[in-house]
Amino acid sequence: MTDARLRHGRASLTLSFFVQGVTFALLVTRIPAIQDRYGISDGLLPVFLAAVPILAGVGSVATEKLVVRVRPGVVLRWAQPVVMLALLGAGAGNAVWEAALALGVFGLSVGALDASMNMMGVSLQRAYGRSIMLGFHAAYSLGGIAGASMAWAGAHWDLSLMVSYLPAVVVLLPVAFIGSRWYAEGASVDADLGEAPGKGVAASVSFKLLMPLCLVMSFAYIGDSTVSNWSAKYLQDVLGSSEQLSTVPYNVYMVTTLLGRAVGDLGVRRFGAVAVVRGGSVLAAAGFGVVALAGGAWTGMLGFTMLGLGLCVIVPQTFAAAGRMFPGASDTAIARLNVFNYVGFLVGSPLVGALGDAWSYRGAMLVPMALVLAMLVYAKSFGAENARYGGGHERPHTVDVG
């Protein structure tokens, strides 16, 4: 594969990560507006919210089977438009069944999209021979900031969901679809070994070996969902901030996530994946500790800032580690690992809420802190201590192609 082909593939995949960040942020930040539009009760809303990650897990498992027959780039090329059209559908309907249909399609297709995007990212990283996964996820974070800003504008100007969503879909859908023409993947290890793609793949992925990475993925998303769902309430109800100030921590978290991912690949190349994951885990745990002990709003925001810088490196490196662990079956490993993204998302918010109501929200912050610290036990699964990137199957020296 030529260097130009790799550069174009990397740029087009980065664009897809950005578009998905915009799309997902537009959905999750306007959940109250969706609830109001369809008249969904407070009791029914958690069912809708839980259905999306559950169906996303189903979509990820289906993608594992699908990529045996077609390449991940094909799945991604068609899944991304479906996700965006489902977003538009969520803003266009009037009946509850229409909301259920739109969110169901969104969940199934977003699972396929997440799995195929990360499959391609790991494949390109293998071709580059150096860490680039954090850069893709940095583009996702940038898209999330852009999408949240669009959602804020829509809420501020009291725009309908359809009016809020339509410009983003009209602009980004054709851009992403055209950009998909330049998707590229590294040469498959199966091809290098002279095996048919997909042959014996499922059997070659040991769930016992993959489980530490699955736990890390779940713990990381429990931490992430704690910030996204509870930071505003915590700052206002526990630390006594104003309503306006309570909206700041999540924005700060998103910005620090972007900054951390933007430079994270340099850290992996310099110190290795294991050191970066351990450093991120310690920093994130310290952030939860600062939040739990904070005496005021500004101290609490410092803790959420530390959380963003610490957690941001974990998920991209977990996908990359799965690719290194199962070089001949990385697509299968990533699809299975991706399911635990949604497990963490499902568990995190209810867990903190239940502990907060039964005990205290300060005490509840200690639980994700303990889970984040547990990542230190599993850090060795990310590769050898002195590895800068790779686990033996990547080229140790390559030309820098971008």
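All residue numbers for the sequence shown refer to the numbering used here, where the first residue is 18 and numbers rise by one.
The C-beta atom is built at its ideal place from N, Cα and C for all residues, glycine as well.
Boundaries (first-last residue) of the alpha helix (DSSP H) holding residue i
i, result
"V180", "L178 to G196"
"R54", "I48 to Y55"
"Q427", "Residue 427 falls outside the range modelled here, since the chain spans only 18 to 419, and no answer is possible."
"D131", "V113 to Y145"
"V87", "No alpha helix (DSSP H) holds V87; DSSP gives it neither H nor E."
"Y270", "V265 to F288"
"W247", "F224 to K250"
"D348", "S347 to A375"
"M323", "A314 to L328"
"M167", "M150 to H173"
"F41", "D20 to V45"
"G380", "Y378 to A381"
"S221", "V218 to S221"
Environment of residue i [buried if 16+ CB atoms lie within 10 Å]
i, result
"T335", "buried"
"V206", "Low per-residue confidence applies at V206: pLDDT is 41, beneath 50, and the placement is therefore not dependable, though the value from the model is reported in the following sentence. By the neighbour-count rule (16 or more Cβ atoms within 10 Å), V206 is buried."
"A29", "The sequence shown places Ser at residue 29, not Ala. The residue in question, S29, is buried, as its Cβ has 16 or more Cβ neighbours within 10 Å."
"R198", "exposed"
"D209", "Note that D209 has pLDDT 41, beneath the 50 cutoff, so the model's placement of it is unreliable and no number is given."
"L310", "exposed"
"L226", "exposed"
"R22", "exposed"
"S133", "buried"
"V233", "buried"
"A381", "buried"
"A375", "exposed"
"G51", "Reading the sequence as shown, one finds Ile at residue 51 and not Gly. The residue is buried, with at least 16 neighbouring Cβ atoms inside 10 Å."
"D59", "exposed"
"I331", "buried"
"R86", "exposed"
"V218", "Because V218 carries a pLDDT of 49, less than 50, the predicted location of this residue cannot be relied on, and no value is offered for it."
"F35", "buried"
"T415", "Interpretation of T415 is limited by its pLDDT of 35, a score under 50 that renders its predicted location unreliable; no figure is taken from the coordinates."
"F65", "buried"
"A144", "buried"
"F343", "buried"
"A185", "buried"
"G164", "buried"
"P333", "buried"
"P49", "exposed"
"P229", "buried"
"G161", "buried"
"D131", "buried"
"G312", "exposed"
Residue i and residue j closer than 9 Å at C-beta
i, j, result
"V294", "F153", "no"
"S148", "R278", "no"
"L393", "V299", "yes"
"A467", "A96", "This structure cannot settle anything about residue 467, because the visible part of the chain is limited to 18 through 419."
"L32", "A193", "yes"
"L178", "V39", "no"
"A116", "I57", "yes"
"Y359", "Y238", "yes"
"E202", "G26", "yes"
"A337", "Q37", "no"
"G327", "A303", "yes"
"T80", "V92", "yes"
"P266", "G306", "no"
"L262", "L252", "yes"
"V308", "G289", "no"
"G240", "A301", "yes"
"G110", "R54", "yes"
"V356", "G74", "yes"
"V272", "A396", "no"
"M136", "P89", "yes"
"A155", "G296", "no"
"S140", "S347", "yes"
Whole-Å CB distance - residue i paired with residue j, under 8 Å assumed
i, j, result
"G108", "S181", "7 Å"
"G361", "S166", "That pair is no contact at about 26 Å."
"T274", "S158", "5 Å"
"N246", "S377", "17 Å between Cβ atoms; not a contact."
"V384", "L368", "7 Å"
"F236", "A67", "At roughly 19 Å, the Cβ-Cβ gap does not stay under 8 Å, so F236 and A67 are not in contact."
"V244", "L324", "6 Å"
Min CB distance residue i to chain D below 9 Å
i, result
"V265", "Among the chains in the structure shown there is no chain D, since it carries only a single protein chain."
Practice task
Give a yes or no on contact between the stretch 342–352 and the stretch 251–258, applying the rule of three or more CB pairs nearer than 8 Å.
Solution key: no
Handout entry: At least 3 beta-carbon pairs within less than 8 Å: the stretch 96–106 vs the stretch 117–127
Key = yes
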